[in-house]
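Quick notes on the structure that follows.
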(Lines of atoms letter the chains of each structure in order from A and count residues from 1; the text may use other names and numbers.)
(Lines give C-alpha, C1' and ligand atoms only; values in the text may rest on other atoms or scores of the structure.)
Protein backbone atom coordinates (compact mmCIF):
# COMPACT_ATOMS: atom_id res chain seq x y z
CA UNK A 1 0.00 0.00 0.00
CA UNK A 2 2.86 2.39 0.83
CA UNK A 3 4.29 1.91 -2.67
CA UNK A 4 0.89 2.59 -4.22
CA UNK A 5 0.56 5.82 -2.24
CA UNK A 6 4.05 6.89 -3.28
CA UNK A 7 3.28 6.29 -6.96
CA UNK A 8 -0.02 8.15 -6.66
CA UNK A 9 1.66 11.22 -5.12
CA UNK A 10 4.38 11.23 -7.78
CA UNK A 11 1.71 11.23 -10.49
CA UNK A 12 0.17 14.52 -9.28
CA UNK A 13 -0.10 16.54 -12.51
CA UNK A 14 0.14 20.00 -10.95
CA UNK A 15 3.13 19.03 -8.78
CA UNK A 16 5.05 17.65 -11.76
CA UNK A 17 4.57 20.88 -13.73
CA UNK A 18 5.55 23.12 -10.80
CA UNK A 19 8.38 21.42 -8.93
CA UNK A 20 11.95 20.75 -10.04
CA UNK A 21 13.41 17.28 -9.69
CA UNK A 22 15.30 16.59 -6.47
CA UNK A 23 18.14 15.09 -8.51
CA UNK A 24 17.76 16.65 -11.98
CA UNK A 25 19.19 14.86 -15.00
CA UNK A 26 22.56 16.04 -16.23
CA UNK A 27 23.92 14.44 -19.38
CA UNK A 28 27.61 13.90 -20.02
CA UNK A 29 29.50 16.22 -22.32
CA UNK A 30 29.59 15.31 -26.01
CA UNK A 31 32.43 17.36 -27.59
CA UNK A 32 31.96 18.56 -31.15
CA UNK A 33 33.78 16.72 -33.89
CA UNK A 34 37.18 18.36 -34.20
CA UNK A 35 38.06 19.93 -37.59
CA UNK A 36 41.30 19.13 -39.40
CA UNK A 37 42.16 22.51 -40.91
CA UNK A 38 41.19 26.22 -40.69
CA UNK A 39 37.72 27.33 -41.78
CA UNK A 40 36.38 23.81 -42.15
CA UNK A 41 33.77 24.40 -39.43
CA UNK A 42 32.39 27.86 -38.56
CA UNK A 43 30.22 28.93 -35.64
CA UNK A 44 28.07 32.05 -36.10
CA UNK A 45 25.88 34.09 -33.79
CA UNK A 46 24.31 37.52 -33.40
CA UNK A 47 25.09 39.90 -30.53
CA UNK A 48 22.51 42.58 -29.81
CA UNK A 49 20.66 44.74 -30.03
CA UNK A 50 23.27 46.98 -28.41
CA UNK A 51 23.72 50.76 -28.26
CA UNK A 52 23.35 52.12 -31.79
CA UNK A 53 26.63 53.36 -33.29
CA UNK A 54 27.13 56.64 -35.17
CA UNK A 55 26.69 54.69 -38.41
CA UNK A 56 23.44 53.11 -37.27
CA UNK A 57 24.76 49.65 -36.41
CA UNK A 58 23.16 47.95 -33.41
CA UNK A 59 24.07 44.28 -33.94
CA UNK A 60 27.33 42.35 -34.29
CA UNK A 61 27.70 39.24 -36.43
CA UNK A 62 30.38 37.07 -34.81
CA UNK A 63 31.96 34.24 -36.79
CA UNK A 64 34.60 31.98 -35.26
CA UNK A 65 36.68 29.27 -36.88
CA UNK A 66 36.43 26.11 -34.80
CA UNK A 67 40.00 25.07 -35.67
CA UNK A 68 42.10 28.21 -35.22
CA UNK A 69 39.59 30.14 -33.04
CA UNK A 70 40.09 33.03 -35.48
CA UNK A 71 37.29 35.51 -34.84
CA UNK A 72 35.56 37.75 -37.36
CA UNK A 73 33.13 40.45 -36.20
CA UNK A 74 30.98 42.57 -38.45
CA UNK A 75 28.65 45.47 -37.49
CA UNK A 76 25.05 45.19 -38.65
CA UNK A 77 22.22 47.68 -38.95
CA UNK A 78 19.76 44.79 -39.03
CA UNK A 79 20.03 41.02 -38.63
CA UNK A 80 17.99 39.82 -41.59
CA UNK A 81 19.01 36.68 -43.47
CA UNK A 82 20.07 38.48 -46.72
CA UNK A 83 22.40 40.81 -44.79
CA UNK A 84 23.99 37.96 -42.82
CA UNK A 85 24.41 35.77 -45.88
CA UNK A 86 26.00 38.58 -47.91
CA UNK A 87 28.63 39.11 -45.22
CA UNK A 88 29.39 35.38 -44.96
CA UNK A 89 29.82 35.14 -48.73
CA UNK A 90 31.69 38.44 -49.34
CA UNK A 91 33.92 38.50 -46.28
CA UNK A 92 34.41 34.85 -45.32
CA UNK A 93 33.90 32.45 -48.24
CA UNK A 94 35.62 34.65 -50.84
CA UNK A 95 38.64 35.15 -48.54
CA UNK A 96 39.02 31.84 -46.71
CA UNK A 97 37.09 29.37 -48.86
CA UNK A 98 33.84 27.48 -48.42
CA UNK A 99 33.41 25.78 -45.04
CA UNK A 100 32.08 22.27 -44.69
CA UNK A 101 29.84 23.08 -41.71
CA UNK A 102 28.24 26.22 -40.28
CA UNK A 103 26.73 25.96 -36.79
CA UNK A 104 24.14 28.46 -35.56
CA UNK A 105 21.06 28.70 -33.39
CA UNK A 106 17.54 28.21 -34.74
CA UNK A 107 16.78 31.90 -35.28
CA UNK A 108 14.71 32.75 -38.34
CA UNK A 109 17.64 34.59 -39.91
CA UNK A 110 19.59 31.31 -39.96
CA UNK A 111 16.77 28.88 -40.79
CA UNK A 112 15.32 30.97 -43.64
CA UNK A 113 14.95 29.72 -47.18
CA UNK A 114 17.72 31.99 -48.48
CA UNK A 115 20.18 30.36 -46.06
CA UNK A 116 19.09 26.92 -47.24
CA UNK A 117 19.57 28.00 -50.86
CA UNK A 118 23.06 29.42 -50.22
CA UNK A 119 24.13 26.30 -48.30
CA UNK A 120 23.02 24.16 -51.24
CA UNK A 121 24.81 26.38 -53.78
CA UNK A 122 28.11 26.47 -51.89
CA UNK A 123 27.84 22.92 -50.60
CA UNK A 124 28.13 23.43 -46.84
CA UNK A 125 25.95 21.78 -44.20
CA UNK A 126 23.99 23.80 -41.65
CA UNK A 127 24.01 22.51 -38.06
CA UNK A 128 21.44 23.97 -35.67
CA UNK A 129 21.80 23.99 -31.90
CA UNK A 130 18.86 23.39 -29.57
CA UNK A 131 17.04 26.47 -28.32
CA UNK A 132 18.01 28.09 -25.00
CA UNK A 133 21.09 25.90 -24.58
CA UNK A 134 24.17 28.08 -25.01
CA UNK A 135 26.75 25.36 -24.43
CA UNK A 136 25.58 23.68 -27.64
CA UNK A 137 27.29 26.50 -29.57
CA UNK A 138 29.96 27.14 -26.97
CA UNK A 139 32.66 28.11 -29.49
CA UNK A 140 31.01 31.38 -30.47
CA UNK A 141 29.25 31.98 -27.14
CA UNK A 142 32.61 32.18 -25.39
CA UNK A 143 33.86 34.60 -28.04
CA UNK A 144 30.74 36.71 -27.53
CA UNK A 145 31.49 37.01 -23.82
CA UNK A 146 34.97 38.25 -24.69
CA UNK A 147 33.57 40.79 -27.15
CA UNK A 148 31.08 42.04 -24.60
CA UNK A 149 33.94 42.48 -22.12
CA UNK A 150 35.80 44.62 -24.70
CA UNK A 151 38.66 42.16 -24.98
CA UNK A 152 40.48 40.94 -28.06
CA UNK A 153 40.75 37.35 -29.24
CA UNK A 154 43.02 38.09 -32.17
CA UNK A 155 46.53 37.90 -30.76
CA UNK A 156 46.25 36.13 -27.42
CA UNK A 157 47.05 32.45 -27.24
CA UNK A 158 43.84 30.44 -27.29
CA UNK A 159 43.45 28.10 -24.33
CA UNK A 160 42.50 24.98 -26.29
CA UNK A 161 45.05 25.32 -29.13
CA UNK A 162 47.96 26.91 -27.16
CA UNK A 163 48.63 29.05 -30.25
CA UNK A 164 47.28 32.39 -31.42
CA UNK A 165 44.50 32.23 -34.06
CA UNK A 166 46.55 34.46 -36.39
CA UNK A 167 49.58 32.15 -36.18
CA UNK A 168 47.50 29.03 -36.96
CA UNK A 169 45.88 30.75 -39.92
CA UNK A 170 48.85 32.54 -41.49
CA UNK A 171 51.90 30.70 -40.15
CA UNK A 172 53.37 33.78 -38.46
CA UNK A 173 52.59 36.08 -35.58
CA UNK A 174 50.73 39.32 -36.27
CA UNK A 175 52.93 42.42 -36.54
CA UNK A 176 51.30 45.25 -34.61
CA UNK A 177 52.05 49.00 -34.51
CA UNK A 178 53.52 48.54 -31.03
CA UNK A 179 56.10 46.16 -32.54
CA UNK A 180 57.32 48.94 -34.83
CA UNK A 181 57.40 51.52 -32.03
CA UNK A 182 59.30 49.16 -29.73
CA UNK A 183 61.46 47.88 -32.61
CA UNK A 184 60.30 44.32 -31.95
CA UNK A 185 60.88 42.29 -35.08
CA UNK A 186 59.02 38.99 -35.53
CA UNK A 187 61.09 35.84 -35.40
CA UNK A 188 62.16 34.71 -38.86
CA UNK A 189 62.12 31.04 -39.77
CA UNK A 190 65.34 31.47 -41.79
CA UNK A 191 66.81 33.43 -44.66
CA UNK A 192 64.43 34.48 -47.38
CA UNK A 193 64.13 31.77 -50.00
CA UNK A 194 64.70 32.80 -53.59
CA UNK A 195 63.70 29.41 -54.88
CA UNK A 196 59.90 29.31 -55.14
CA UNK A 197 59.76 25.51 -54.96
CA UNK A 198 61.83 25.37 -51.80
CA UNK A 199 59.79 28.20 -50.31
CA UNK A 200 56.58 26.30 -51.07
CA UNK A 201 57.89 23.09 -49.47
CA UNK A 202 59.04 24.94 -46.37
CA UNK A 203 55.71 26.71 -46.07
CA UNK A 204 53.79 23.47 -46.59
CA UNK A 205 55.82 21.66 -43.91
CA UNK A 206 55.41 24.60 -41.57
CA UNK A 207 51.63 24.57 -41.83
CA UNK A 208 51.48 20.79 -41.49
CA UNK A 209 53.43 21.04 -38.23
CA UNK A 210 51.26 23.89 -36.97
CA UNK A 211 47.99 22.12 -37.79
CA UNK A 212 49.17 18.78 -36.38
CA UNK A 213 50.11 20.48 -33.13
CA UNK A 214 46.76 22.29 -33.10
CA UNK A 215 44.79 19.05 -33.53
CA UNK A 216 46.70 17.44 -30.64
CA UNK A 217 46.10 20.46 -28.40
CA UNK A 218 42.38 20.53 -29.25
CA UNK A 219 42.06 16.83 -28.41
CA UNK A 220 43.77 17.37 -25.05
CA UNK A 221 41.57 20.38 -24.29
CA UNK A 222 38.38 18.50 -25.17
CA UNK A 223 39.41 15.56 -22.99
CA UNK A 224 40.10 17.88 -20.06
CA UNK A 225 36.81 19.73 -20.54
CA UNK A 226 34.89 16.46 -20.64
CA UNK A 227 36.56 15.18 -17.46
CA UNK A 228 35.65 18.36 -15.57
CA UNK A 229 32.11 18.50 -16.98
CA UNK A 230 31.32 14.84 -16.32
CA UNK A 231 32.16 14.95 -12.61
CA UNK A 232 28.54 15.66 -11.66
CA UNK A 233 26.60 13.86 -14.37
CA UNK A 234 23.28 12.17 -13.71
CA UNK A 235 22.41 10.62 -17.09
CA UNK A 236 18.85 9.88 -18.08
CA UNK A 237 17.48 6.52 -19.16
CA UNK A 238 14.63 7.71 -21.37
CA UNK A 239 13.36 5.46 -24.14
CA UNK A 240 11.52 6.11 -27.38
CA UNK A 241 7.81 6.32 -26.58
CA UNK A 242 8.26 7.69 -23.05
CA UNK A 243 6.14 10.65 -22.00
CA UNK A 244 8.19 13.58 -20.67
CA UNK A 245 7.69 17.12 -19.41
CA UNK A 246 9.77 19.93 -20.98
CA UNK A 247 11.11 22.94 -19.12
CA UNK A 248 9.33 26.20 -19.96
CA UNK A 249 12.04 28.53 -21.29
CA UNK A 250 10.12 31.83 -20.99
CA UNK A 251 7.53 31.72 -18.16
CA UNK A 252 4.56 34.06 -18.52
CA UNK A 253 4.86 35.26 -14.93
CA UNK A 254 6.57 34.44 -11.65
CA UNK A 255 4.07 31.76 -10.65
CA UNK A 256 3.78 30.05 -14.03
CA UNK A 257 4.28 26.32 -14.35
CA UNK A 258 7.94 25.40 -14.78
CA UNK A 259 7.24 22.46 -17.09
CA UNK A 260 4.87 21.81 -19.97
CA UNK A 261 3.64 18.64 -21.62
CA UNK A 262 3.52 15.71 -21.54
CA UNK A 263 5.23 15.06 -24.87
CA UNK A 264 6.21 11.79 -26.50
CA UNK A 265 9.85 10.98 -27.29
CA UNK A 266 10.19 10.24 -31.01
CA UNK A 267 13.93 9.58 -31.21
CA UNK A 268 17.11 9.87 -29.13
CA UNK A 269 20.46 11.23 -30.28
CA UNK A 270 22.28 12.01 -27.05
CA UNK A 271 22.57 14.60 -25.69
CA UNK A 272 19.60 15.74 -27.79
CA UNK A 273 16.13 14.27 -28.09
CA UNK A 274 13.28 14.70 -30.57
CA UNK A 275 9.79 15.09 -29.09
CA UNK A 276 6.34 15.59 -30.55
CA UNK A 277 4.72 18.91 -29.56
CA UNK A 278 1.24 19.69 -30.87
CA UNK A 279 1.76 17.64 -34.04
CA UNK A 280 5.14 19.35 -34.54
CA UNK A 281 8.52 17.67 -34.16
CA UNK A 282 11.10 19.65 -32.17
CA UNK A 283 14.61 18.89 -30.92
CA UNK A 284 15.77 19.79 -27.42
CA UNK A 285 18.40 18.82 -24.86
CA UNK A 286 17.86 15.92 -22.47
CA UNK A 287 18.73 18.14 -19.49
CA UNK A 288 15.53 20.10 -20.13
CA UNK A 289 13.25 17.07 -19.67
CA UNK A 290 11.90 15.01 -16.81
CA UNK A 291 9.85 11.84 -16.91
CA UNK A 292 6.08 12.28 -16.72
CA UNK A 293 4.42 9.99 -14.19
CA UNK A 294 1.06 9.13 -15.63
CA UNK A 295 -1.71 8.75 -13.09
CA UNK A 296 -3.08 5.22 -13.15
CA UNK A 297 -5.97 3.74 -11.22
CA UNK A 298 -5.12 1.52 -8.28
CA UNK A 299 -6.24 -2.07 -8.26
CA UNK A 300 -9.03 -2.82 -5.78
CA UNK A 301 -8.40 -5.56 -3.26
CA UNK A 302 -10.72 -8.49 -3.56
CA UNK A 303 -13.02 -9.50 -0.71
CA UNK A 304 -11.70 -12.06 1.82
CA UNK A 305 -8.14 -11.42 0.61
CA UNK A 306 -5.42 -11.39 3.25
CA UNK A 307 -3.06 -8.44 3.36
CA UNK A 308 0.26 -8.26 5.16
CA UNK A 309 0.62 -5.44 7.66
CA UNK A 310 3.49 -5.31 10.16
CA UNK A 311 4.00 -9.07 10.09
CA UNK A 312 0.34 -9.69 10.96
CA UNK A 313 -2.20 -11.18 8.64
CA UNK A 314 -5.37 -9.19 8.81
CA UNK A 315 -8.34 -10.77 7.16
CA UNK A 316 -11.00 -8.45 5.86
CA UNK A 317 -14.55 -8.84 6.95
CA UNK A 318 -17.02 -10.28 4.56
CA UNK A 319 -18.90 -7.59 2.73
CA UNK A 320 -22.15 -9.45 3.08
CA UNK A 321 -23.19 -11.49 6.04
CA UNK A 322 -25.12 -14.59 5.45
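Numbering (my numbering), first residue to last: 21 to 342. We put the beta carbon where it would ideally sit given N, CA and C, even for glycine.
CA-CA distance, residue i and residue j?
i: residue 239; j: residue 74; result: 43 angstroms
i: residue 310; j: residue 45; result: 8 angstroms
i: residue 222; j: residue 244; result: 33 angstroms
i: residue 210; j: residue 112; result: Low per-residue confidence applies at residue 210: pLDDT is 47, beneath 50, and the placement is therefore not dependable, though the value from the model is reported in the following sentence. Rounded to the nearest angstrom, the two C-alpha atoms are 31 angstroms apart.
i: residue 273; j: residue 314; result: 26 angstroms
i: residue 341; j: residue 23; result: Annotation note: pLDDT 45 at residue 341 (below 50); position unreliable, no value reported.
i: residue 250; j: residue 76; result: 44 angstroms
i: residue 36; j: residue 102; result: 43 angstroms
i: residue 78; j: residue 68; result: 6 angstroms
i: residue 255; j: residue 27; result: 22 angstroms
i: residue 183; j: residue 217; result: 27 angstroms
i: residue 13; j: residue 120; result: In the structure displayed, the chain extends from 21 to 342; residue 13 sits before or after that span and is not available.
i: residue 94; j: residue 127; result: 18 angstroms
i: residue 288; j: residue 257; result: 11 angstroms
i: residue 281; j: residue 66; result: 30 angstroms
i: residue 97; j: residue 72; result: 8 angstroms
i: residue 229; j: residue 279; result: 51 angstroms
i: residue 141; j: residue 299; result: 32 angstroms
i: residue 290; j: residue 110; result: 36 angstroms
What does the Cβ neighbour count give for residue i, buried or exposed, with the cut at 16 atoms within 10 Å?
i: residue 99; result: buried
i: residue 40; result: exposed
i: residue 3; result: Here the chain has residues from 21 to 342 only, and residue 3 is not among them.
i: residue 143; result: exposed
i: residue 80; result: buried
i: residue 38; result: exposed
i: residue 55; result: buried
i: residue 275; result: exposed
i: residue 30; result: exposed
i: residue 50; result: exposed
i: residue 108; result: buried
i: residue 85; result: buried
i: residue 88; result: buried
i: residue 234; result: buried
i: residue 53; result: exposed
i: residue 373; result: Lying outside 21 to 342, the shown extent of the chain, residue 373 is not represented and no answer is given.
i: residue 25; result: exposed
Which whole-angstrom value describes the C-beta separation of residue i and residue j, a residue pair presumed to lie in contact below a C-beta threshold of 8 angstroms?
i: residue 260; j: residue 312; result: Not really, about 15 angstroms apart at Cβ, beyond 8 angstroms.
i: residue 268; j: residue 277; result: 6 angstroms
i: residue 92; j: residue 83; result: 4 angstroms
Keeping to the same chain, check which residues put their C-beta closer than 6 angstroms to that of residue i; ignore five residues upstream and five downstream.
i: residue 124; result: 64 and 130
i: residue 253; result: 46 and 48
i: residue 90; result: 185 and 189
i: residue 262; result: 285
i: residue 248; result: none
i: residue 224; result: none
Here's a check: name, in chain order, each residue in its chain whose Cβ is nearer than 7 angstroms to the Cβ of residue i, leaving out the five neighbours to either side.
i: residue 301; result: 286 and 294
i: residue 104; result: 81 and 129
i: residue 296; result: 283, 284 and 286
i: residue 134; result: 101, 102 and 105
i: residue 231; result: 57
i: residue 308; result: 266 and 267
Who are the Cβ neighbours of residue i in its own chain at under 8 angstroms, not counting the five residues just before and after it?
i: residue 292; result: 150, 303, 304, 305 and 306
i: residue 132; result: 101
i: residue 145; result: 120, 121, 122 and 139
Under 8 angstroms, Cβ to Cβ, is there at least one residue of chain C near residue i?
i: residue 257; result: Reference to chain C is not applicable here, since this structure consists of a single protein chain.
Is it the case that the CB of residue i approaches a heavy atom of the ligand FMN more closely than 7 angstroms?
i: residue 297; result: With respect to small molecules bound, the structure shown includes none, and the ligand FMN cannot be examined in it.
*Check whether the segment 112-123 touches the segment 51-65, counting contact only when three or more Cβ pairs, one atom from each stretch, lie closer than 8 angstroms.*
Taking a contact to require three or more Cβ pairs closer than 8 angstroms, the segment 112-123 and the segment 51-65 qualify as touching.
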